[in-house]
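Everything on this sheet refers to the single structure shown next.
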Amino acid sequence: MFQLVDASFHIDDRAILSPTSLTFSPGKITTLLGHNGCGKSTLLNVMGLLDKPESGSYKFIDTELLTLNDRERSNFRKRNMGFVFQNFNLIDELTVFENIELPLIYNKIPAGERKKLVNEIIERMNIVNRSGHFPQQLSGGQQQRVAVARALVTKPKLVLADEPTGNLDSSHGNEVMELLCELNETGTTIVMVTH
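Under the numbering used here, read the sequence shown as residues 200 to 394, first letter to last.
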């Protein structure tokens with residue numbers, strides 16, 4: 200599905216990614232393991248087009264992504280990728296429904312279809328009774344379910360998960376892992392970072 204070849208990334212003359220090459224097959228769950236500070240999240244950000252490597256090649260579904268301009272990369276990311284962040288990154292001023300709907304708005308999906316897609320994913324994530332709540336009214340496990348729902352609502356080909364269970368207790372962490380495995384069974388490729 201995607202191939203990163205000799206990608207490198209520096210911050211203040213410090214090599215965060217030395218020339219790195221990886222190939223990921225479609226429909227798999229891949230876990231990137233390593234201690235804190237070794238560059239796992241940076242690698243995920245490069246793969247998710249949030250950071251641009253200084254060198255190398257990055258092909259995703261036969262498209263060379265490093266030659267795209269910022270707008271083209273953003274559009275490609277919106278159409279093909281979903282993100283689950285360790286700290287949820289929910290918008291406090293938006294309800295659960297609105298947080299999940301946001302990527303659909305960015306993708307210019309019509310309102311009727313947005314409502315249908317959000318309601319489907321809310322039901323699948325078992326948070327129907329929380330759709331009108333704000334993030335601060337939710338438990339950590341519920342917030343992570345919302346974050347997963349937001350990542351999945353666009354039906355991405357690739358989900359990038361950065362320590363998706365890091366802030367959760369074991370039972371809520373297991374729930375998130377089960378959700379990711381269910382998603383993978385539908386054919387979505389998942390790359391997950393953990394220490």
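Glycine included, every Cβ here is placed at the ideal spot set by N, Cα and C.
This one's a predicted model, so the numbers in the text were calculated from it and none came from an experiment.
Among the options, the one whose alpha carbon lies nearest that of residue i
| i | options | result |
| --- | --- | --- |
| Leu357 | Thr266, Glu297, Phe282, Glu312 | Phe282 |
| Phe201 | His394, Val392, Glu384, Thr388 | Thr388 |
| Arg213 | Ile228, Thr241, Asp291 | Thr241 |
| Lys400 | Ile215, Asn279, Thr229, Gln285 | Residue 400 cannot be examined here, being either before or after the span of the chain that is shown, 200 to 394. |
| Phe296 | Asn274, Arg278, Leu249, Leu337 | Leu337 |
For residue i, the residue or residues it bridges with in DSSP
| i | result |
| --- | --- |
| Glu263 | Lys258 |
| Leu203 | Leu221, Tyr257 |
| His209 | Ala214 |
| Asp368 | Answer is none; Asp368 lacks a bridge partner. |
| Leu360 | Before going further, note that residue 360 is Ala rather than Leu in the sequence given. Ala360 is bridged to Val283, Met391. |
Rounded separation between residue i and residue j - CA only
| i | j | result |
| --- | --- | --- |
| Asp211 | Glu312 | 45 Å |
| Val345 | Thr219 | 32 Å |
| Gln343 | Phe223 | 25 Å |
| Gly255 | Ser217 | 11 Å |
| Gly233 | Glu322 | 34 Å |
| Val299 | Leu378 | Per the sequence shown, residue 299 should be read as Ile rather than Val. Using only the alpha carbons, I get a separation of about 16 Å. |
| Glu263 | Tyr257 | 6 Å |
| Thr230 | Lys239 | 10 Å |
| Ile326 | Phe259 | 33 Å |
| Ser369 | Thr393 | 14 Å |
| Ala310 | Leu303 | 9 Å |
| Cys237 | Gly226 | 26 Å |
Residue i in three-state terms, based on DSSP
| i | result |
| --- | --- |
| Ile320 | helix |
| Leu289 | coil |
| Leu232 | strand |
| Val352 | coil |
| Gly311 | helix |
| Ile326 | coil |
| Cys237 | coil |
| Ser273 | helix |
| Asn306 | coil |
| Pro252 | coil |
Inset, instruction - Would you be able to state if there are at least three C-beta pairs under 8 Å between the segment 331-349 and the segment 259-278? - result: no
Inset, instruction - Inspect the CB distances between the segment 354-374 and the segment 282-302 and report whether three or more fall short of 8 Å. - result: yes
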